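Count along the sequence shown from 1, add 1325, and you get the number used in this note's numbering.
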Amino acid sequence: MRNKVWILCAVMVGVMLLLLVGGCNRADATRKRRIVIVTKALDSEFWQTLKSGAEEAARQHPDVELSVLAPEREINIDQQVAIIEDQILKKVSALAVVPGGIAETTPVLDKARAAGIPVLIVDNDTTWPGKLSYIGTDNREGGKLAGDYLAKVLGGRGKVAIVRGILGVTSHEDRVAGFQQAIAQASGIQIVTIQPANSERATALTVMENILTSNPDLNAVFATSDQMALGAMEGVAAQHLSGKVLVVGFDAGKEAVRAVKSGAINAVIAQYPANMGKQAVEAAIKAIQGEPVAKVIDTGSALVTKENADEFLK
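This is how it looks when you write it as structure tokens:
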């Protein structure tokens, strides 16, 4: 009798263990991998397109839960830092970050890596050693494309201005550097001023009007984002200089490309933000699974002019 009781107890313990293990396995199987992308803002077509690309990629992976978060404006770097800190506390599976400011975000990125969270850098590269990968445009090459275009159109002579994004932001620094490199090869072109406009359209309008007042013989302007290019375009139009002062931008959102098609903007350098978002999600999944991730994932760039604008509007 006693043996039967012991056998029954052993069977019951075994069943309970099987149920427990099975339950854990089911929990593991259904546990979501939480990927968070933190951009500099979500207030423009560029960021919304990046978000859409990431969401499309995440839909292909039912076990992935994706969030795309951002501060209200690109200059709100402290808010971006607070968002990243909050995601660290929530123990997300992976972070993909577009740093608003390298100096400000580096300490919190260090915290993420110390917490065992894989961190990928998107769009705005950094020398931070903890990154698994940079995913985005070769911004220096994009700036050089813009400079080569203006040097050709101006015939190697004239005066140009640069309206740029927030000082210290690597993507804008690289675009300016690439543009300067190309212009330096055309010794007859002078860069008369470089002015920040924080990637904001209204600010760029004011900056452009001030530049034209100080430089009435200006021939062209390079703006390191679409929103600033559109603001510069409005500034040029306000002083009845459309067609006389060339405008080149960077990003190639639909509004800017439509302006290229109409002739209000002469050219833009195309980025592929949807591809950035997609590649960020795919690389994050690899990182979570312990698979190797390429150190640099170049998402491409191209020159858009009136001749090929329709291709980018499709």
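Ideal Cβ placement from N, Cα and C applies to all residues, glycine included. Note that the structure is a prediction, hence the values are computed from the model and not measured.
Exposed or buried, Val1621, counting other C-beta atoms within 10 Å across all chains shown (16 or more means buried)? Against the sequence shown, residue 1621 aligns to sequence position 296. Looking at its Cβ environment, which holds fewer than 16 other Cβ atoms inside 10 Å, Val1621 is exposed.
Take Ile1413 as the anchor and find which of Thr1518, Glu1607, Ile1442 has the nearest alpha-carbon. For the purposes of this step, residue 1413 is identified with residue 88 of the sequence shown, where counting begins at 1. The option with the nearest alpha carbon to Ile1413 is Ile1442.
Test item: CB-CB of Gly1568 and Glu1534 under 8 Å: Here residue 1568 is taken as the residue at index 243 of the sequence shown, counted from 1. Here residue 1534 is taken as the residue at index 209 of the sequence shown, counted from 1. In this structure, Glu1534 does not lie closer than 8 Å to Gly1568 by Cβ.
Candidates Glu1525, Asp1542, Leu1530: which alpha carbon is nearest Met1558's? Sequence index remark: in the sequence shown, residue 1558 carries index 233 (1-based). Per the Cα distances, Leu1530.
If Ile1508 sits next to Val1485, beta carbons under 8 Å apart, how far is it from one beta carbon to the other, in whole angstroms? Here residue 1508 refers to the residue found at position 183 when the sequence shown is read from its first residue. Here residue 1485 refers to the residue found at position 160 when the sequence shown is read from its first residue. Ile1508 to Val1485, Cβ: 7 Å. Contact.
With a threshold of 7 Å on Cβ separation, who are the neighbours of Gly1468 within its own chain once the five nearest residues in sequence on each side are excluded? Counting from 1 along the sequence shown, the entry for residue 1468 is found at position 143. Correct list, in chain order: Asp1499, Arg1500, Val1501, Ala1502, Gly1503, Phe1504.
Identified DSSP bridge partners for Phe1547: If you number the sequence shown from 1, residue 1547 lands on position 222. Paired residues: Ile1487, Val1573.
Residues near Glu1370 by beta carbon distance below 6 Å, same chain, minus five either side: By one-based count along the sequence shown, residue 1370 stands at place 45. Closer than 6 Å at Cβ, skipping near neighbours: Gly1578.
Between the Cα of Val1550 and the Cα atoms of Asp1411, Leu1543, Ala1527, which residue gives the shortest distance? Counting from 1 along the sequence shown, the entry for residue 1550 is found at position 225. Residue identity differs from the one stated: residue 1550 is Ser in this sequence, not Val. That would be Ala1527, whose Cα lies nearest to the Cα of Ser1550.
Check whether the Cβ atoms of Thr1374 and Ala1589 lie closer than 8 Å to each other. As a working note, residue 1374 is residue 49 in the sequence shown. As a working note, residue 1589 is residue 264 in the sequence shown. No; because the gap between Cβ atoms is not below 8 Å, this pair is not in contact.
Beta strand (DSSP E) runs wholly inside the region 1508 to 1545, at least 3 long, in chain order: 1513 to 1521
So what's Arg1583 in DSSP terms, helix, strand or just coil? Here residue 1583 is taken as the residue at index 258 of the sequence shown, counted from 1. If DSSP states are grouped into helix, strand and coil, Arg1583 belongs with the helices.
What does DSSP give as the partner residue(s) for Glu1390 in the beta ladder? Numbered from 1 along the sequence shown, position 65 holds the residue referred to as residue 1390. Answer by DSSP bridge pairing, in chain order: Arg1359.
Could you spell out where the alpha helix (DSSP H) holding Val1629 opens and where it closes? Along the sequence shown, one-based indexing puts residue 1629 at 304. Unbroken run through Val1629 is the beta strand (DSSP E), 1627 to 1629; no alpha helix (DSSP H).
Look up Val1417 in the DSSP assignment and say whether it is helix, strand or coil. Walking along the sequence shown from the start, residue 1417 turns up at place 92. Note: Val1417 maps to coil in three-state DSSP.
If you run the structure through DSSP and keep just helix, strand and coil, what is Val1444? For the purposes of this step, residue 1444 is identified with residue 119 of the sequence shown, where counting begins at 1. Here Val1444 sits in strand by DSSP.
Evaluate Lys1639 with the Cβ neighbour count: other Cβ atoms within 10 Å of its Cβ, from every protein chain shown; 16 or more gives buried, anything less gives exposed. For the purposes of this step, residue 1639 is taken as the residue at position 314 of the sequence shown. Lys1639 is exposed by the Cβ-count criterion.
Can you tell me whether DSSP reads Ala1599 as helix, strand or coil? Translated into the one-based positions of the sequence shown, residue 1599 becomes position 274. The answer is helix: DSSP assigns Ala1599 an H, G or I state.
Helix, strand or coil for Gly1568? Go by DSSP, reduced to three states. Working through the sequence shown from its first residue, we reach residue 1568 at position 243. Coil, per DSSP.
Which one of Tyr1474, Ala1383, Arg1583 has the shortest CA to CA distance from Ala1511? Here residue 1511 refers to the residue found at position 186 of the sequence shown. Selected option, being the one with the closest Cα: Tyr1474.
Residue from Gly1480, Gly1481, Asn1464 with nearest C-alpha to Arg1489: Against the sequence shown, residue 1489 aligns to sequence position 164. Residue Asn1464 is the option with its Cα nearest to Arg1489.
Taking the alpha-carbon positions, what's the Ser1458 to Asn1523 distance? As a first step, residue 1458 must be located in the sequence shown, where it is residue number 133. As a first step, residue 1523 must be located in the sequence shown, where it is residue number 198. C-alpha separation (whole angstroms): 26 Å.
Name the residue from Pro1617, Ala1545, Ala1379, Pro1432 whose alpha carbon lies nearest to the alpha carbon of Gly1574. Numbered from its first residue, the sequence shown carries residue 1574 at position 249. When only C-alpha atoms are compared, the closest one is Ala1545.
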